[in-house]
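Below: the structure, in structure tokens.
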Amino acid sequence: MLTRANLFGALVFVAVAISALFLPPWLVSLATIAFANALVVLGLVILWRTGLVPFGQALFYAIGAYAVALIGRYTPIRDVFVVVLAGAVAAGVVAYVIGFLLARYREIFFAMLSLAMSMILYGILVKSEALGSTDGFHVEAGSFLGWRPQGALRNLALFWLVLGFCAIAAWVVGVYFRSVAGSMAIPMRDNEIRVEFLGLSVDRLVHLKLVISGVLAGIGGALAALAVQHVDPQMAYWTTSGGFVFVTVLAGAGSVAAAFVGSLAFELVRSIAVALLPGAWQLILGSALLLTILFLPEGLGSLYSRLRRKPAAPKEQPGGPS
Amino acid sequence: MSGAILSVRDLEKTFGSVVAARDISIDVPPLQTVGIIGANGAGKTTFVNMITGHLRPSKGTIHFEDRDITGLPSRTITRLGISRSFQVAQVFPSLTVIENMRAAAAIGRGKDSVIAQAMTPLDSPQARSEADAAVDLFQIARYRDARAATLPQGVRKLLDIAMAVAGHPRVLLLDEPTSGISIEEKFGLMDVVMSALKTRKITVLFVEHDMEIVGRFADRVLAFYDGTVIADEKPQTVLANPKVQAFISGTKPLNEDALHA
Ligand SMILES: Nc1ncnc2c1ncn2[C@@H]1O[C@H](COP(=O)(O)OP(=O)(O)O)[C@@H](O)[C@H]1O
Ligand SMILES: [Mg+2]
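Respectively, the protein sequence lines represent chains A and B.
Residue numbering for the first sequence follows the numbering used here, starting at 806 and increasing by one per position.
Residue numbering for the second sequence follows the numbering used here, starting at -12 and increasing by one per position.
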């Protein structure tokens, strides 16, 4: 299914990929992490549209990351495509299994149960001496279909790898959002009983959302592990989960693009804040979120649609649809 | 059981010590329109809830087209061909009327599996034309772009019923379709609903308090009292029944004769 939006999206990805050749290396590295994390945010957007906010999404992020790290440590497999897909599968399987429990819960219970799951993994990782305990361990550099770039070239290759996964994820999630199941976000929030009596299981719809978001978080974690070349239990910690929720609120659930823009904006603001106020960068980030919630309650993503809507509709028609 | 589209045997439902339904055995032939009457708390909604899978019966069986559907989940029963509307209309308030209908039509066209539904686009020419046809059939096209939250009660009820019909059910249960609607509007609403259901060839069971409406639209009436069916006949016969008059329609004061009639 190719639409004009798909074509536009593809052009944007190609433009960003080419622009990386002219950007300073620090910015490429920042964008690499930002876009890897954007995949986690994209998964959160899927859940948030239904009103579900998991406070333990770092669970899947860490599983994706540790899968890559473990393959590097215990097997001869180095291909980045293979290890990232392995991370995706591992996270997807875990999401599928715990989904049987999690998909039965909503609201704060869903959020807390998700948090509890992630804390269990965190506890296991901290207790695992073989995996470096709290220090974590090193991740192998990996090869790109046999090619082993070094230095700045490796950074570029990694950025393109992340972009490639982002492009595919954006397209798949776009298709999902337009599907019957993906369109049930607002109906499920509005009235679960009606959804059930139309013939769809709300729990299974939530379960599917969990698996999709788990896979996305797993890919994000796997890519982040390759980029940082290190994994540690902090990747599963609740502050990591909280950070993803933070970016999701910043980005808004309006569109697929918002996840990428929001994540990039977050990393930029954070690195600028750290440079300006090393001791109090959280203050700046907190203020940024506060201002977003106050003035852009639907997130940064709504800025674009707002600007676009303005000239077309000068005035709402009285009594018309809102 | 032969010939009946819906067949209920010895149905019972208890909530702790409360017996909400007891000894209910009914056969409904295809295309019949069955009115269900009874005072508040008589067990009408419980009966509807058990048939549509919202409640699991404590005892007894329910067969639909000779298939045992007792205790199946509501969405499975919906998929098999029994649909329902609610005493309090169940729609998606944030969506417009036509969006509600499109969602219902798209789900109805698709499969039970959420994975299949994740690969089927919501927007299809068929779902669109089905939704357009439904708002015309139920005469709510005037409101098509209004958000469901803003609808007048009667329109919301019609939307609820239209959504229930979107999956092409063969049996439809309407729980008090005219509750919360002014007396002047009730007949109009029932005319719209019943003629729409006739064109769709649907067997209907509807819960109703207004005896005039029951007399006009039902081929047959079930009178519920304290969880049991105390009368099951043609409308005129049931409405003339002294027990019914005493306990339900209130046309006769409660007396000893009625209790032992
Ligand atoms: N979920 C429930 N839990 C406990 N009691 C219930 C429940 N649903 C219905 N009842 C009881 O069952 C009886 C029948 O209720 P209901 O079927 O709603 O009556 P009706 O629809 O005829 O007004 C009532 O006494 C009611 O209080
Ligand atoms: Mg009732």
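C-beta: ideal position from N, C-alpha, C; glycine also.
Values in this document were obtained by computation on a predicted structure and should not be read as measured data.
Determine, using beta carbons only, whether residue i comes closer than 7 Å to chain A.
i: B:R54; result: no
i: B:G97; result: yes
i: B:T215; result: no
i: B:Q74; result: no
i: B:T107; result: yes
i: B:R143; result: no
i: B:P164; result: no
i: B:A93; result: yes
i: B:T20; result: no
i: B:A26; result: no
i: B:A90; result: yes
i: B:T190; result: no
i: B:T33; result: no
i: B:P229; result: no
i: B:T65; result: yes
Could you check if residue i is buried or exposed, using at least 16 other CB atoms within 10 Å of its CB as the buried criterion?
i: A:H943; result: exposed
i: A:L1081; result: exposed
i: B:Q104; result: buried
i: B:Q232; result: buried
i: B:D147; result: buried
i: A:M989; result: buried
i: A:V902; result: exposed
i: A:G951; result: exposed
i: A:F813; result: exposed
i: A:W831; result: exposed
i: A:V978; result: buried
i: A:Y871; result: buried
Could you give the DSSP three-state label for residue i: helix, strand or coil?
i: A:A1027; result: helix
i: B:G97; result: coil
i: A:S1127; result: Model confidence at A:S1127 stands at a pLDDT of 34, short of 50, so the residue's coordinates are unreliable and nothing is read from them.
i: A:G987; result: helix
i: A:D995; result: helix
i: B:L(-7); result: strand
i: A:Y1042; result: coil
i: B:A218; result: strand
i: A:Y981; result: helix
i: A:I876; result: helix
i: B:A7; result: strand
i: A:Y910; result: coil
i: B:T1; result: strand
i: A:L968; result: helix
i: B:G202; result: helix
i: B:H50; result: strand
i: A:G956; result: helix
i: B:T165; result: coil
Taking 7 Å as the CB-CB cut-off, is residue i touching chain B?
i: A:L1010; result: yes
i: A:Y981; result: yes
i: A:I991; result: yes
i: A:G1004; result: yes
i: A:D995; result: yes
i: A:R909; result: no
i: A:A986; result: yes
i: A:R854; result: no
i: A:I998; result: yes
i: A:E1072; result: no
i: A:E912; result: no
i: A:L930; result: no
i: A:L1013; result: yes
i: A:E1001; result: yes
I'd like to know whether the C-beta atoms of residue i and residue j end up nearer to each other than 7 Å.
i: A:A1041; j: A:S923; result: yes
i: A:A843; j: A:A1064; result: yes
i: B:S70; j: B:G141; result: no
i: A:A1032; j: A:I838; result: yes
i: B:V216; j: B:I24; result: no
i: A:L920; j: A:G861; result: yes
i: A:L1069; j: A:L1094; result: no
i: B:Q126; j: B:V179; result: yes
i: A:Y927; j: A:P1038; result: yes
i: B:R89; j: B:A120; result: no
i: B:A76; j: B:F34; result: no
i: A:G941; j: A:V1036; result: yes
i: B:T39; j: B:I64; result: yes
i: A:L961; j: A:A825; result: yes
i: B:E195; j: B:Q74; result: no
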